[in-house]
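To start, the structure itself, in structure tokens.
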Amino acid sequence: MRRIGMLTSGGDCQSLNATMRGVAKALYKMYDDVEIVGFEDGYKGLMYADYRIMKPSEFSGILTRGGTILGTSRQPFKLMKTPDENGLDKVAAMKHTYYKLKLECLVVIGGNGSQKTANLLREEGLNIVSLPKTIDNDLWGSELTFGFHSAVDVATNAIDCIHTTAASHGRVFIVEIMGHKVGWLTLYAGIAGGADIILIPEIPYDIDVVVEAIKGRVRSGKNFTILAVAEGAISREDAALTKKELKEKKKNGPAYPSVAYALGAQIQEKTGQEIRVTVPGHMQRGGEPCPFDRVISTRLGAAAAQMIKNEEYGYMVALNDSQITKVPLEEIAGKLKTVDPNSDIIKEAKSVGISFGDE
Numbered sequence: 001m002r003r004i005g006m007l008t009s010g011g012d013c014q015s016l017n018a019t020m021r022g023v024a025k026a027l028y029k030m031y032d033d034v035e036i037v038g039f040e041d042g043y044k045g046l047m048y049a050d051y052r053i054m055k056p057s058e059f060s061g062i063l064t065r066g067g068t069i070l071g072t073s074r075q076p077f078k079l080m081k082t083p084d085e086n087g088l089d090k091v092a093a094m095k096h097t098y099y100k101l102k103l104e105c106l107v108v109i110g111g112n113g114s115q116k117t118a119n120l121l122r123e124e125g126l127n128i129v130s131l132p133k134t135i136d137n138d139l140w141g142s143e144l145t146f147g148f149h150s151a152v153d154v155a156t157n158a159i160d161c162i163h164t165t166a167a168s169h170g171r172v173f174i175v176e177i178m179g180h181k182v183g184w185l186t187l188y189a190g191i192a193g194g195a196d197i198i199l200i201p202e203i204p205y206d207i208d209v210v211v212e213a214i215k216g217r218v219r220s221g222k223n224f225t226i227l228a229v230a231e232g233a234i235s236r237e238d239a240a241l242t243k244k245e246l247k248e249k250k251k252n253g254p255a256y257p258s259v260a261y262a263l264g265a266q267i268q269e270k271t272g273q274e275i276r277v278t279v280p281g282h283m284q285r286g287g288e289p290c291p292f293d294r295v296i297s298t299r300l301g302a303a304a305a306q307m308i309k310n311e312e313y314g315y316m317v318a319l320n321d322s323q324i325t326k327v328p329l330e331e332i333a334g335k336l337k338t339v340d341p342n343s344d345i346i347k348e349a350k351s352v353g354i355s356f357g358d359e
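Taking UniProt numbering, I'd label the letters of the sequence shown as residues 1 to 359.
This is the structure we're talking about:
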């Protein structure tokens, strides 16, 4: 009996189930004697041997279902070598579970932190195949991650809905999009939703440039402005500070729920216009996966199963130039794929009049 472990780790997204389905269906078709062991709540299930032997029927009817049937949790990589509250060695515990269950391979479905832990387990001698999950699309080594386009759809719809009320009331609306470190989601949703100003972490903004863009729209006869702002958007002033200095500034300055509210207060003070903030939040992770994500999840899952059959371990399955590729885990662990401020998509967005608050 071949035993393959599987877990979903980190933040949830719309196509986790579709990806697990792709892996499972391909494995069941390849082998008559395969058994899939599902670990509950990500690496936590592997640590504490919280698992179940999954039935083939569990992978039917989940292509369009959001979330994850296995559950997930965040287990910070930086704490992986720190014992838990009971003194448990987490890495040793995960290895013990793996070998106790006599797993042939462990399939890890997750984002940046999850991939780093997957690489750690590879270094510890476990057979690992991983898949790229994140709505942020920030995994190095893969052009696209599943969950991204579904989140873009949700965020774009939020901006679409704001257009009518913004135009009706002549207000400035700030739509805060997920993305603490990278701006892919905000960039795509902002362009697709027709945002006038897009602020992302990779391009620190000048508040005076932002205000001038808003005033320019007023002068041209447009009575509203929509800003798509990433959670991690940062001003040039703050970007020049050290982490310690920035933390101190936030501690001693006015308390705002998030960057969108802080930005809104500044804009209102400088323009006198009414400001409204909309935060779609976890809606961007929820709901059913879009058709595009269902397709790439199925492809990635099937490719992962083929890699297991070929005993090609220590890789993340990736999508590059519409082709399925494999990337060594040691090459992607700890790396972040950010938006290049000088990339074509930024230049093209600027050419149609979108301001990034930098010039």
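Ideal Cβ positions, reconstructed from N, Cα and C, are used throughout, including at glycine.
query: Identify, in the order they occur along the chain, each residue of the same chain with its Cβ nearer than 8 Å to the Cβ of residue 122, setting aside the five sequence neighbours on each side.; result: 128, 313, 314, 329 and 330
query: Looking at the structure shown, is residue 106 part of a helix, part of a strand, or coil, going by DSSP?; result: strand
query: Kindly list the residues whose CB is nearer than 8 Å to the CB of residue 205, restricted to its own chain and excluding five residues on each side of it in sequence; keep chain order.; result: 199, 233, 234, 235, 236, 356, 357 and 358
query: For residue 39, which beta-bridge partners are listed by DSSP?; result: 51
query: Taking the alpha-carbon positions, what's the residue 272 to residue 338 distance?; result: 34 Å
query: Pull up the distance between the alpha-carbon of residue 248 and that of residue 254, whole angstroms please.; result: 12 Å
query: Which whole-angstrom value describes the C-beta separation of residue 231 and residue 179, a residue pair presumed to lie in contact below a C-beta threshold of 8 Å?; result: 6 Å
query: Just list the residues that DSSP pairs residue 355 with in beta bridges.; result: 197
query: Taking only beta-carbon positions, decide if residue 22 is within less than 7 Å of chain D.; result: Of the protein chains in this structure there is only one, and it is not chain D.
query: In three-state DSSP terms, what is residue 335?; result: coil
query: Within its chain, find whatever has a CB closer than 7 Å to the CB of residue 223; leave out the 5 residues flanking it on each side and keep chain order.; result: 170
query: Return the chain-ordered list of same chain residues with a C-beta closer than 7 Å to the C-beta of residue 116, the five sequence neighbours on each side being excluded.; result: 77, 333 and 334
query: Could you tell me which of 25, 353 and 6 sits nearest to residue 195, measuring between CA atoms?; result: 353
query: Mapping DSSP to helix, strand and coil, what is residue 6?; result: strand
query: Which residues in the same chain as residue 33 place their Cβ atom closer than 7 Å to its Cβ, once the five residues preceding and following it in sequence are excluded?; result: 1 and 2
query: Comparing alpha-carbon positions, which option in 168, 111 and 42 lies nearest residue 140?; result: 111
query: Below 8 Å, how does it come out for the segment 88–107 and the segment 55–69: are there three or more Cβ pairs, yes or no?; result: no
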